[in-house]
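Structure record follows, encoded as structure tokens.
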Amino acid sequence: MRVIASLSLAVLALTTFTASAQTTPSPKPAPKAATATRAKAAAPSKAVALTPPMGWNSWNYFAAKVTDKDIRASADQIVSTGMKDAGYIYVNIDDTWEGERDASGILHTNSKFPDMKALADYVHSKGLKLGIYSGPGGKTCAGYPASLDHEVQDAQLYASWGIDYLKYDLCSFRKDVMLAQAPDDEAARMHLMFAAYDKMGKALKSTDHPIVYSFCQYGWDSVWEWAPALGGNLWRTTGDVRPNWGSIYNIISQQAGLAKYAGPGHWNDPDMLEVGNGNLTLAENRAHFSMWAILAAPLLAGNDLPNMKPEIKAILTNKDVIAIDQDKLGREGTRAYADGEVEVWTRHLAGGALAVAVLNAGSDVVSTHPFHLSLIKLGLHGPQRGKDLWTGKDVTLTENQPVELASHDILLVRIASPK
Ligand code: GAL
9 MRVIASLSLA VLALTTFTAS AQTTPSPKPA PKAATATRAK AAAPSKAVAL TPPMGWNSWN
69 YFAAKVTDKD IRASADQIVS TGMKDAGYIY VNIDDTWEGE RDASGILHTN SKFPDMKALA
129 DYVHSKGLKL GIYSGPGGKT CAGYPASLDH EVQDAQLYAS WGIDYLKYDL CSFRKDVMLA
189 QAPDDEAARM HLMFAAYDKM GKALKSTDHP IVYSFCQYGW DSVWEWAPAL GGNLWRTTGD
249 VRPNWGSIYN IISQQAGLAK YAGPGHWNDP DMLEVGNGNL TLAENRAHFS MWAILAAPLL
309 AGNDLPNMKP EIKAILTNKD VIAIDQDKLG REGTRAYADG EVEVWTRHLA GGALAVAVLN
369 AGSDVVSTHP FHLSLIKLGL HGPQRGKDLW TGKDVTLTEN QPVELASHDI LLVRIASPK
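The opening position of the sequence shown corresponds to residue 9 in this note's numbering, with each subsequent residue numbered one higher.
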């Protein structure tokens, strides 16, 4: 199911951008005008997601198989593994919990989730929060009922269960509404998309129940420019992440230029974590986690928690790296420079501190021809004392210093008082 859903999304994304480039010379100005009008109507009101949301989501490991039992077991594990203490709070049920609507239009859960209120109470009893999934179309990506024409009813249902987080996924809305209603007008299609996200934003707001509102429409039409005004607390910037380095690095590359759109209450979302999934090496898991911290990304683990290996737990619960992600200043990091296949990213932190990440994105080990770090290019002068966040050791970085990194590995240093 996941492969099919994602493949079709990739094709959708491609056809949309291709069609847009070929047939619509300048589709952007009209949607932005509409956005400005809506901005007045739907300003975010709830103080949620002041730092990037942290938690766990069912999709990357369980996909369509997830059940009530899996969610309870995952909540238990988040507590017993120390993940809760490290900051992972949201337990998010992704697609495939939905049943049928009754004659009054009220949505019921399917047999995998016999009692959502009881599940929410259980998750809350652990000091955690519960998230759920829907979309503006008639169907979700996996073909289950979504919220089209039932936005207020669904928002009230979530509030009655005590749901704390909604991921709202475009999916069938594109074909069934956008393409059906405006097959030849890209700008009109984008208006329909804004309106749909605005509608659910207002429905959620009208319940007065605090909830994180997460947009999932793969970054279409520069979502970072208009999502905050519609109450979006985070927005996916790309297509789906996969548990392989190619996918992760591709997503990292697509974040350039987006930093200015992120801040407390509104974050770029390069998708959930694949740490511990697929065939990622330990270096790749470390680099993935470090880069999500530099990017001020939501940290939503997506692994098999009951069978988590100790080395994966050590990555996911590294408090120093999490502190970079959760830094109160809320400034997303940027790529300072690249030299061959090695990239240097920095993130400014509260109190004047600086995080420096040196990423070897290449497939070769650079130890035979070490990369030389330029502090001057980072605006730093003289030796810089810091902490290597993966070894835990104090380090001093010097101008032109050789840095030896295995393929896809990363050096992550926090400099408390950069000069
Ligand atoms: C995709 C979404 C994934 C997952 C999936 C569920 O569109 O990007 O993260 O939610 O749908 O069907």
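The beta-carbon is built from N, C-alpha and C at its ideal position, and this holds for glycine as well.
Since the model is a prediction, treat every value here as computed from it, not as a measurement.
Subject >> Which of helix, strand or coil DSSP assigns to lysine 210 >> reply: In this structure, DSSP gives lysine 210 a helical state, which the three-state scheme calls helix.
Subject >> Straight-line Cα distance separating alanine 196 from phenylalanine 202 >> reply: Between the alpha carbons of phenylalanine 202 and alanine 196 lies a distance of about 10 Å.
**OP:** May I ask you to report which of helix, strand or coil DSSP gives tryptophan 243?
**Re:** Annotated three-state conformation of tryptophan 243 is strand, per DSSP.
**OP:** Indicate whether at least one CB of chain D lies closer than 8 Å to the CB of valine 87.
**Re:** Any reference to chain D falls outside this structure, which holds one protein chain only.
Original post:
Three-state secondary structure (DSSP) at tryptophan 398?
Top reply: For tryptophan 398, the three-state secondary structure derived from DSSP is coil.
**OP:** Have a look at the DSSP bridge pairing and note the partners of phenylalanine 202.
**Re:** In the DSSP assignment, phenylalanine 202 is bridged to no other residue.
**OP:** Determine the closest residue to asparagine 285 out of Asp277, Asn252, Ile330, His389, with distance taken between C-alpha atoms.
**Re:** Of all alpha-carbon atoms in Asp277, Asn252, Ile330, His389, the one lying nearest the alpha-carbon of asparagine 285 is that of Asn252.
Subject >> Where serine 222 falls: helix, strand or coil (DSSP) >> reply: Residue state, collapsed to three classes: strand.
Original post:
Between which two residues does the alpha helix (DSSP H) containing glutamine 85 stretch?
Top reply: Looking at the DSSP string, the run of the alpha helix (DSSP H) that includes glutamine 85 is 76-88.
Subject >> Rounded straight-line distance, which links the Cα of tryptophan 275 to that of glycine 338 >> reply: When only Cα atoms are considered, glycine 338 and tryptophan 275 end up about 9 Å apart.
Original post:
Does the distance from the C-beta atom of histidine 380 to that of alanine 295 stay below 8 Å?
Top reply: The answer is no: Cβ separation not under 8 Å.
Subject >> Close beta carbons around valine 364, own chain, < 6 Å, minus the five adjacent residues each side >> reply: Thr354, Val421.
Original post:
In chain order, what residues of the same chain have a beta carbon less than 6 Å from the beta carbon of valine 220, not counting five sequence neighbours either side?
Top reply: Val56, Ala57, Pro61, Tyr173, Asn241, listed in sequence order.
Original post:
Heavy atom of the ligand GAL less than 7 Å from the Cβ of threonine 246, yes or no?
Top reply: No, the ligand GAL has no heavy atom inside 7 Å of this Cβ.
**OP:** Report the three-state DSSP secondary structure of alanine 295 (helix, strand or coil).
**Re:** Looking at alanine 295 - three-state DSSP - the assignment turns out to be helix.
Subject >> Other residues of its chain near serine 371: CB distance less than 6 Å, five sequence neighbours each side excluded >> reply: For serine 371, where only same-chain residues beyond five positions count, the Cβ hits under 6 Å are Ser415.
Subject >> Beta-carbon gap between serine 214 and tyrosine 176 smaller than 8 Å >> reply: No, they are not a contact pair.
Original post:
Less than 8 Å separating the beta-carbons of glutamate 159 and methionine 208?
Top reply: Closer than 8 Å, so yes.
Subject >> Backbone secondary structure at aspartate 328 - three-state DSSP >> reply: Three-state result, aspartate 328: helix.
Subject >> In chain order, each beta strand (DSSP E) run of at least 3 residues that lies wholly inside the region 268-292 >> reply: You should have 275-277.
Subject >> Closer than 7 Å: aspartate 78 CB and nearest the ligand GAL heavy atom >> reply: No, since every heavy atom of the ligand GAL falls outside the 7 Å radius drawn around the Cβ of aspartate 78.
**OP:** Taking all protein chains shown into account, decide if asparagine 287 is buried (16 or more other Cβ within 10 angstroms of its Cβ) or exposed.
**Re:** Taking a 10 Å sphere around the C-beta of asparagine 287, we find fewer than 16 other C-beta atoms and assign the residue as exposed.
Subject >> Beta-carbon separation (whole angstroms), leucine 266 vs leucine 307, contact threshold 8 Å >> reply: That pair is no contact at about 17 Å.
Original post:
Rounded to the nearest angstrom, how far is the Cβ of aspartate 229 from that of methionine 198, given a contact under 8 Å?
Top reply: Contact holds; Cβ gap of about 5 Å.
Original post:
Taking just the CA atoms, how far does alanine 163 sit from glycine 145?
Top reply: If you take the alpha carbons of glycine 145 and alanine 163, they lie about 15 Å apart.
Subject >> Helix, strand or coil at histidine 132 according to DSSP, with G and I counted as helix >> reply: The answer is helix: DSSP assigns histidine 132 an H, G or I state.
Subject >> Neighbourhood of leucine 290 by C-beta, 7 Å cutoff - its chain only, sequence neighbours within 5 removed >> reply: Glu319, listed in sequence order.
Original post:
Which residues share a DSSP beta bridge with tyrosine 257?
Top reply: Tyrosine 257 pairs with nothing; no bridge assigned.
Original post:
Residue ranges of each alpha helix (DSSP H) run of no fewer than 4 residues wholly in the region 306-362, ordered along the chain?
Top reply: Taken in chain order, the unbroken stretches of alpha helix (DSSP H) that lie wholly in the region 306-362 and span 4 residues or more are 318-324, 327-333.
Original post:
What residues in its chain sit with their C-beta under 8 Å from that of glycine 348, if we drop five residues either side in the sequence?
Top reply: Excluding sequence positions up to five before and after glycine 348, its CB lies within less than 8 Å of the CB of Gly370, Phe379, all in the same chain and listed in chain order.
Subject >> Whole-angstrom distance between tyrosine 96 and threonine 325, CA atom to CA atom >> reply: Roughly 9 Å separates the two Cα atoms.
Original post:
Are the Cβ atoms of valine 350 and alanine 344 separated by less than 8 Å?
Top reply: No, these two residues do not count as a Cβ contact at 8 Å.
Subject >> Extent of the continuous alpha helix (DSSP H) to which lysine 92 belongs >> reply: For lysine 92, the enclosing alpha helix (DSSP H) has its first and last residue at 91-94.
Subject >> Contact check, threonine 75 vs lysine 120, beta carbons under 8 Å >> reply: Yes, the pair counts as a contact, with Cβ atoms nearer than the cut-off.
**OP:** Note down the Cα distance separating tyrosine 269 from tryptophan 232, rounded to an integer number of angstroms.
**Re:** The straight-line gap from Cα to Cα measures roughly 6 Å.
Original post:
How many angstroms separate the CA atom of proline 37 from the CA atom of glycine 90?
Top reply: Note that proline 37 has pLDDT 33, beneath the 50 cutoff, so the model's placement of it is unreliable and the number below is only indicative. Each residue's alpha carbon lies about 48 Å from the other.
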